[in-house]
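Numbered by the working numbering, the letters in the sequence shown go through residues 647 to 827 in order.
No residue lacks a Cβ here, since even glycine has one placed at the ideal position from N, Cα and C.
Since this is a predicted model, take the numbers as computed values, not measurements.
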Amino acid sequence: MPAPLTPAIFIDRDGTLMEEADYCSHPDQVRVIPGVSEALRALQSAGFRLVVVTNQSGIGRGYYTVADYEAVQARLLALLGDGLIAATYFCPEAPEANSPRRKPSPEMVFEAARDLGLDLARSWFIGDKAIDVQCGHAAGTRAILVQTGHGHAADAGRAEFVAKDFASAAAFILRPADASP
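Now the structure itself:
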C-alpha cells in the first residue's frame with residue numbers, strides 16, 4: 647500500500663516570508679517578517695510540509711545570478727531555522743520568456759507534489775500577489791493573500807482569506823474546525 651500523501655503549505659518568498667527588497671540580490675537584504683518562523687513551526691507541527699515556490703525574474707532580467715539567488719535563499723533558510731522548509735522551487739525566467747513553470751502556472755507546485763508526495767486537495771498556497779492565489783487554485787489548493795509585500799495593493803480575487811501577514815494566515819489555517827473565519 648502506498649504511503650499516504652501529506653498536506654503542504656506552498657509559500658511565496660519575497661513579500662510573504664521576507665520583506666520585499668525589489669529584486670533581492672544580496673543576503674544582507676534579507677529581513678524575515680516578524681512572526682514567520684513561529685508560524686512555520688506551528689504549521690509544521692500540525693503536519694504540513696512547507697514548500698517555497700518563487701518567481702525570480704531578476705535572474706532572467708540580468709539583475710542578479712543564480713549564485714546570488716542561492717546566497718539569498720541560504721540566508722533566509724538560516725534565519726528561519728533548521729528543518730522548516732522541505733524544499734524550494736524557483737523559476738528564473740523573465741515574464742517575456744513564457745516559461746511553463748512561472749507563476750501563475752501551477753507547474754512548480756505540481757513538481758513539488760510529485761517530488762514530495764503531497765496532497766494538493768488538503769494544501770494551501772500563501773502569497774502576496776494575485777498570481778499566488780491563481781497558482782494555488784490552478785494546482786487544486788486553497789489560497790490566502792497576505793497584505794505584506796505587494797499584498798496591500800493586490801486584488802484578493804478568489805482567495806479563501808486575506809491575512810494581514812503570514813502569522814495571521816497560519817492562524818487561519820490552524821483554527822479549530824468549528825471556528826468561523
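Do residue j and residue i have their beta-carbon atoms positioned less than 8 angstroms apart in this structure?
i, j, result
"residue 658", "residue 699", "yes"
"residue 690", "residue 651", "no"
"residue 749", "residue 777", "yes"
"residue 791", "residue 773", "yes"
"residue 681", "residue 812", "yes"
"residue 671", "residue 735", "no"
"residue 663", "residue 722", "yes"
"residue 785", "residue 756", "yes"
"residue 653", "residue 703", "no"
"residue 820", "residue 649", "no"
Give the DSSP bridge partners of residue i, in chain order.
i, result
"residue 737", "701"
"residue 654", "695"
"residue 660", "664"
"residue 678", "664"
"residue 808", "791"
To the nearest angstrom, report how far apart residue i and residue j are at their CA atoms.
i, j, result
"residue 694", "residue 769", "8 angstroms"
"residue 661", "residue 669", "11 angstroms"
"residue 737", "residue 781", "13 angstroms"
"residue 714", "residue 823", "42 angstroms"
"residue 751", "residue 674", "30 angstroms"
"residue 678", "residue 725", "7 angstroms"
"residue 712", "residue 701", "12 angstroms"
"residue 685", "residue 739", "30 angstroms"
"residue 683", "residue 716", "20 angstroms"
"residue 705", "residue 796", "20 angstroms"
"residue 696", "residue 816", "12 angstroms"
"residue 655", "residue 793", "17 angstroms"
"residue 775", "residue 760", "25 angstroms"
"residue 814", "residue 758", "24 angstroms"
CB-CB under 6 angstroms to residue i, same chain, minus the five flanking residues each way: which ones, in chain order?
i, result
"residue 754", "699, 735, 747"
"residue 788", "770, 806"
"residue 779", "789, 791, 803, 805"
"residue 667", "675"
"residue 708", "none"
Cutting at 7 angstroms between CB atoms, please list the residues of its own chain near residue i, excluding the five before and the five after it.
i, result
"residue 665", "677, 679"
"residue 745", "737, 739"
"residue 719", "734"
Skipping 5 residues on each side, what residues in its chain have a beta carbon closer than 8 angstroms to that of residue i?
i, result
"residue 687", "727, 730"
"residue 743", "706"
"residue 818", "790, 807, 809, 827"
Note down, one range per segment and in chain order, each alpha helix (DSSP H) of at least 4 residues found wholly within the stretch 727-804. 753-762, 776-785
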